[in-house]
């Protein structure tokens, strides 16, 4: 049984429903004790996301025997009101539970008819908010999109070891490696139901493989590679404004690197040099859109993600 502690009182949720528009909802998977990581994200690309009227939450789980840390999380949420906390233990081997908690929260708390996409990211990621929002408004993503891996063999030893009893096949189906996953909203309910009612296969702790590979394959949901050069893992590199505009995300960064990337994003000199060098058809604003561009109305209706002031519970996985 998993209980989700929800971040907003009902009265604030009502105000949010009437004032917020967004083509997507972003949920950041975060370790409960990663306080500084969440602070940096709020002070960088999440700040920009809020300016773009996008909805962003953190999904964390439970800290064992650390009452002071739990109190710190509650105080953090009291201040920012953007944390969803599940009751299972927060560790690497419960990542599948964390992803399923995200899907459950979305399907029970959001009017999914008015949102095009669910974007799940890790808390060590930089996101190009302007490009992401523009692409989602234009509905460029289908099925599940991210960093696609094909014909990967299961590890039988080490950190990612999966036993033959749990997964006897020689190869995993195509799946999206963690860090960034863009889900077409119409599939969220299907994926959740299939994942929590799959008696034929134990739920693997490797959430990327289980959710975007095994379950998506079972449901015949298309998985797409986001494209060469769109995602980077080079966090310590200096990027020009042009390169940052091209990228959608930079993954697996530490706190210092996230700050450096954000500072590069805000470099005005690179911004102007990019315009002259590329010869774009018209000047582009810092959100990655043509100046004067107005967001498309289609699919960008008011976000309806309501929260209650009492815990919500659900059976996520068969035990």
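In full-length UniProt numbering, the protein residues as written are 1 to 319.
Positions of the beta carbon are idealized from the N, C-alpha and C atoms, including for glycine.
Where does residue i fall in DSSP's three states?
i: residue 145; result: strand
i: residue 160; result: coil
i: residue 214; result: helix
i: residue 193; result: helix
i: residue 152; result: coil
i: residue 182; result: strand
i: residue 207; result: helix
i: residue 169; result: coil
i: residue 35; result: helix
i: residue 248; result: coil
i: residue 117; result: strand
i: residue 30; result: coil
Please tell me whether residue i and residue j are closer than 7 Å, where the distance is taken between their beta carbons.
i: residue 103; j: residue 188; result: yes
i: residue 230; j: residue 258; result: no
i: residue 25; j: residue 132; result: no
i: residue 30; j: residue 60; result: yes
i: residue 182; j: residue 141; result: yes
i: residue 331; j: residue 221; result: Limits of the chain in this structure are 1 at one end and 319 at the other, which puts residue 331 out of reach.
i: residue 219; j: residue 190; result: yes
Taking 6 Å as the limit between beta carbons, can you name the residues of its chain near residue i, skipping five residues before and five after?
i: residue 225; result: 148
i: residue 44; result: 262
Please work out which residues of its chain come closer than 7 Å, Cβ to Cβ, to residue i, disregarding the five sequence neighbours upstream and downstream, and give them in chain order.
i: residue 265; result: 244
i: residue 252; result: 124, 179, 233 and 235
i: residue 185; result: 112, 115, 116, 117 and 118
i: residue 93; result: 205
i: residue 151; result: 171
What distance in whole Å lies between the Cβ atoms of residue j and residue i, which are believed to be in contact at a cut-off of 8 Å?
i: residue 175; j: residue 121; result: With a Cβ gap of about 16 Å, residue 175 and residue 121 do not count as contacting.
i: residue 172; j: residue 227; result: That belief does not hold up - the Cβ atoms of residue 172 and residue 227 are roughly 22 Å apart, past 8 Å.
i: residue 48; j: residue 129; result: 5 Å
i: residue 89; j: residue 57; result: No, residue 89 and residue 57 are not in contact; Cβ-Cβ is about 20 Å, not under 8 Å.
Using a Cβ-Cβ distance cut-off of 7 Å, determine whether residue i contacts chain D.
i: residue 258; result: Looking for chain D here will not work: only one protein chain is present.
Just list the beta strand (DSSP E) runs in the stretch 44-76, keeping only unbroken ones of 3 residues or longer that don't cross its boundaries, in chain order. DSSP runs (the beta strand (DSSP E)) wholly in the stretch 44-76: 55-62.
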